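Trainee: When the letters of the sequence shown are read in order and numbered with the working numbering, they come out as residues 561 to 881. Glycine residues also receive a C-beta, built at the ideal position from the N, C-alpha and C atoms. Everything numeric in this text was worked out from a predicted model, so none of it was measured. Pasting a structure below so you can have a look.
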Amino acid sequence: MVKQKIPNELKKLAPFFHDIDLGNGFNTAPETYRMRSAIQLFFPPLLKLFGGSFKGLKILDVGCNCGGFSFEANKYGPEEIIGIDADESNINQANAIKKYLETPSIEFLKLKAEEISKKELGKFDITILAGILYHLEDPLGTMTKIAEVTKSTLLVDSHVHYSTASDEDVPSWWMLNDMDENDLEGLFVDDETLSAKKYLEFEKGIKVDYSKLQNQFIPSPHTERDLEFIQKYFPQPTQKISEKYMIGASSKSNLSLVPNKKALYKLIRYFGFEDILEVVPLRFSDIPYKRKYRIGFFAMKRDKNGPFSISEYQKLFEKKN
Numbered sequence: 561m562v563k564q565k566i567p568n569e570l571k572k573l574a575p576f577f578h579d580i581d582l583g584n585g586f587n588t589a590p591e592t593y594r595m596r597s598a599i600q601l602f603f604p605p606l607l608k609l610f611g612g613s614f615k616g617l618k619i620l621d622v623g624c625n626c627g628g629f630s631f632e633a634n635k636y637g638p639e640e641i642i643g644i645d646a647d648e649s650n651i652n653q654a655n656a657i658k659k660y661l662e663t664p665s666i667e668f669l670k671l672k673a674e675e676i677s678k679k680e681l682g683k684f685d686i687t688i689l690a691g692i693l694y695h696l697e698d699p700l701g702t703m704t705k706i707a708e709v710t711k712s713t714l715l716v717d718s719h720v721h722y723s724t725a726s727d728e729d730v731p732s733w734w735m736l737n738d739m740d741e742n743d744l745e746g747l748f749v750d751d752e753t754l755s756a757k758k759y760l761e762f763e764k765g766i767k768v769d770y771s772k773l774q775n776q777f778i779p780s781p782h783t784e785r786d787l788e789f790i791q792k793y794f795p796q797p798t799q800k801i802s803e804k805y806m807i808g809a810s811s812k813s814n815l816s817l818v819p820n821k822k823a824l825y826k827l828i829r830y831f832g833f834e835d836i837l838e839v840v841p842l843r844f845s846d847i848p849y850k851r852k853y854r855i856g857f858f859a860m861k862r863d864k865n866g867p868f869s870i871s872e873y874q875k876l877f878e879k880k881n
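So this is what it looks like as structure tokens:
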């Protein structure tokens, strides 16, 4: 279990959403948190795809939060990393960590995913889309811009609608926003009531009923469980908890696009990323990817001069660019 030990320069900006190793025994988030597991899940195969190094590569981190993926990628020698996030407090945290770690090759910008521009940002070899697709108000328009700035590979980490293999013919689903302000999985605040230990004990005693996902407009099962935890321990409205602990989704709209896996793959391929490699977690992993309501994969464009055909949409991009 990872203990939290934040340097004095960063304490005033706590809590941090990502667990970032600051060296010398310091890190930004206490207890075990799924962000650390996500990095351990994605980065070994991503590095192998690029020959064990990011040397000379340009990387865009969309919805970077306080920079967890960006700082991890920086360890492997990229030429440039740009992290963007719509939340100014996230960018302030990221820039403070950047100053502490002395990482000049990373730049953090307050920018919405919908505002991505090839003219302003340039093009990137790798674009990281970690926990962002289901927050987009205009997923098609934003994916158009992401495809324009991405030369090679997407790293996608996203919620998907729970489905079995037999359900995959359903093209897509809509459901209520998963309401991150109520999702206490891995929460890392210094509050005894909200400690990870207490929540994990509570979580084990609540059976998750996935059969309810036959309906469309309902909270997801793990959100329902988390709401029960809040109601048990907190008499005040959940919005006050959200404000107190600075937790919240990047979008406050009532609906999020949460497709099933097949629909998400179709969306990504439509924008020219023909080849998709799903990252499968270890057998005994307890992270959400194993529970089938979240998925991680790499999606790659084909070389237009290569031996294999490229998609019609990619051909359109090649003509425009």
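#1: In angstroms with no decimal places, state the Cα-to-Cα distance between Leu-570 and Gln-874.
#2: Measure the C-alpha to C-alpha separation of Lys-565 and Glu-632 and round it to an integer number of angstroms.
#3: Secondary structure at Ser-718, three-state DSSP: helix, strand or coil?
#4: The alpha helix (DSSP H) with Thr-704 in it runs from where to where?
#5: For Ala-656, which residues in the same chain have their Cβ closer than 8 Å to its Cβ, ignoring the five residues on either side in sequence?
#6: Please identify the residue among Leu-693, Phe-576 and Ser-630 whose C-alpha is closest to the C-alpha of Glu-674.
#7: Whole angstroms is fine: what's the gap from Ser-597's alpha carbon to Lys-864's?
#8: Helix, strand or coil: which one does DSSP assign to Ala-690?
#9: On a CA-only basis, which of Lys-678, His-721 and Leu-696 is nearest Pro-819? Give me that one, please.
#10: Leu-617 and Asp-685 - do their beta-carbons sit closer together than 7 Å?
#11: Would Phe-629 and Asp-621 qualify as a contact pair, given that the criterion is a beta-carbon distance under 7 Å?
#12: Helix or strand or just coil, what does DSSP make of Ile-566?
#13: Considering only their Cβ atoms, is the gap separating Arg-854 from His-719 smaller than 7 Å?
#14: Using the Cβ count rule (16 or more neighbours within 10 Å means buried), how would you classify Glu-547?
#15: Just checking my contact of Leu-671 with Val-709 at CB under 8 Å: how many whole Å lie between their CB atoms?
#16: Going by DSSP in three states, Gly-856 sits in which element: helix, strand or coil?
#17: Just mark Gly-643 as buried or exposed, buried being the case when its beta carbon has 16 or more other beta carbons within 10 Å.
#18: For Gly-623, count neighbouring C-beta atoms within 10 Å of its own C-beta (all shown protein chains included) and say buried if the count is 16 or more, exposed if not.
#19: Can you tell me which residues form a DSSP beta bridge with Val-622?
#20: Within the continuous beta strand (DSSP E) that includes Leu-837, where are the two ends?
#21: Which class does Asn-655 belong to by DSSP, given the choice of helix, strand or coil?
#22: Where does Glu-872 sit, in a helix, a strand or coil, going by DSSP?
#23: Leaving out five residues on either side along the sequence, give the residues of the same chain with a beta carbon under 7 Å from the beta carbon of Asp-698.
#24: For Ile-599 versus Asn-634, is the C-beta distance shorter than 7 Å?
#25: From the DSSP output, in three-state form, read off Asn-634 for me.
#26: Which of the three DSSP states, helix, strand or coil, is assigned to Phe-831?
#27: Could you tell me the boundaries of the alpha helix (DSSP H) in which Glu-680 lies?
#28: Measure the beta-carbon distance from Ile-651 to Phe-668 and round it to whole angstroms, keeping in mind my assumption that it falls under 8 Å.
#29: Near Tyr-636, what residues of its chain come up, given a Cβ to Cβ distance below 7 Å and the 5 sequence neighbours on each side ignored?
#30: Would you kindly work out how many angstroms separate the C-alpha atoms of Thr-702 and Lys-861, rounded to a whole number?
#31: Quick one: give me the first and last residue of the beta strand (DSSP E) that Leu-668 is part of.
#32: For Gly-628, name the three-state secondary structure that DSSP assigns.
Mentor: In terms of the structure at hand:
#1: Each residue's CA atom was taken as its position, placing Leu-570 and Gln-874 some 44 Å apart.
#2: Between the alpha carbons of Lys-565 and Glu-632 lies a gap of roughly 19 Å.
#3: Here Ser-718 sits in strand by DSSP.
#4: Element bounds for Thr-704: 699–709.
#5: If we look at Ala-656 and ignore the five residues flanking it on each side, its Cβ neighbours are Glu-569, Leu-570 and Leu-573.
#6: If we check each option's Cα against that of Glu-674, Leu-693 comes out closest.
#7: So the alpha carbons of these two residues sit roughly 35 Å apart.
#8: Here Ala-690 sits in strand by DSSP.
#9: Nearest C-alpha to Pro-819: His-721.
#10: At a Cβ-Cβ threshold of 7 Å, Asp-685 and Leu-617 count as neighbours.
#11: It is a contact, given that the beta carbons lie within the stated cut-off.
#12: Of the three classes helix, strand and coil, the one that applies to Ile-566 here is coil, per DSSP.
#13: Yes, the Cβ-Cβ distance between His-719 and Arg-854 is below 7 Å.
#14: No answer is possible for residue 547: it lies beyond the span of the chain, which begins at 561 and ends at 881.
#15: The C-beta separation of Leu-671 from Val-709 comes to about 12 Å, leaving the pair out of contact by the 8 Å criterion.
#16: Residue state for Gly-856 is assigned as strand, using DSSP reduced to three classes.
#17: It is buried - the Cβ of Gly-643 has at least 16 other Cβ atoms within 10 Å.
#18: The residue in question, Gly-623, is buried, as its Cβ has 16 or more Cβ neighbours within 10 Å.
#19: Beta-bridge pairing links Val-622 to Ile-644 and Leu-689.
#20: Segment 835–838, the beta strand (DSSP E) holding Leu-837.
#21: Reduced to three states, the DSSP call for Asn-655 is helix.
#22: The answer is helix: DSSP assigns Glu-872 an H, G or I state.
#23: Close CB contacts of Asp-698 within its chain, under the 7 Å cut and outside five residues either way in sequence, are with Glu-674 (chain order).
#24: Not closer than 7 Å, so no.
#25: Secondary structure of Asn-634 (DSSP, three-state): helix.
#26: The answer is coil: DSSP assigns Phe-831 none of H, G, I, E or B.
#27: In the DSSP assignment, Glu-680 falls within the unbroken alpha helix (DSSP H) covering 678–681.
#28: Contact holds; Cβ gap of about 5 Å.
#29: So the qualifying residues of the chain are Leu-607, Ser-613 and Phe-614.
#30: Straight-line Cα distance between these residues: approximately 17 Å.
#31: The residue asked about is misnamed: residue 668 is Phe in this sequence, not Leu. Taken as a continuous stretch (DSSP letters only), the beta strand (DSSP E) holding Phe-668 covers 666–670.
#32: Helix.
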